[in-house]
Amino acid sequence: MHSECLTGDVFHSSRCDCGEQLEETIQKMGEQGGILLYLRQEGRGIGLYNKLDAYELQSQGMNTYEANNHLGFPDDLRSFEDAADMLKALDVTTIRLITNNPKKIKEIQDHGIQLEAVIGTQAHLKDGNKLYLKAKVSHGKHKLSID
Ligand SMILES: [Zn+2]
């Protein structure tokens, strides 16, 4: 389950690790098979234009969560209910989920999908994304080792 990140997925922005996570996942799926759900919920669900406003706030020192909050949005507007519905439409009710995000793990289970395993991705540390990854760990409780 990958949430769209135009700036990371297509342009390999140095601000985040989305493009690298997507490529790592596609690599794993190339070896082991699987289903990629590409979810149109840019910027943790706030949309591309709001995300660019959040980037401006991040340039002034806020982390991604603080910036979204400052714009009047919750920490994370995404829902994974549609992803669960997509899997059910494919008659898939048990999965091995690639994620570091505890919110994804909880929500997909809450919507009736069983987890056989949770597989983490690597930390894709770049010059511009250390604060972004630190906020993911400290605020979003992502399971990532970045030190
Ligand atoms: Zn991104």
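Take 0 as the starting number for the sequence shown in numbering that gives the first Met the number 0 and just add one per residue.
We treat Cβ as the ideally placed atom computed from N, Cα and C, and that holds for glycine.
**Prompt:** Relative to ligand 1, is the shortest distance from any of its heavy atoms to the C-beta of residue 58 smaller than 7 Å?
**Reply:** no
**Item:** Same chain, Cβ closer than 7 Å to residue 83, neighbours up to 5 away in sequence not counted
**Value:** 107, 110, 111 and 112
**Request:** State the DSSP-derived secondary structure class of residue 57, mapped to helix, strand or coil.
**Result:** helix
**Supposed contact pair residue 14 and residue 127 - C-beta distance, whole angstroms, cut 8 Å** = 5 Å
**Request:** Look at the alpha carbon of residue 66 and the alpha carbon of residue 57, and state the distance between them as a whole number of angstroms.
**Result:** 6 Å
**Asked** Mapping DSSP to helix, strand and coil, what is residue 115?
**Response** strand
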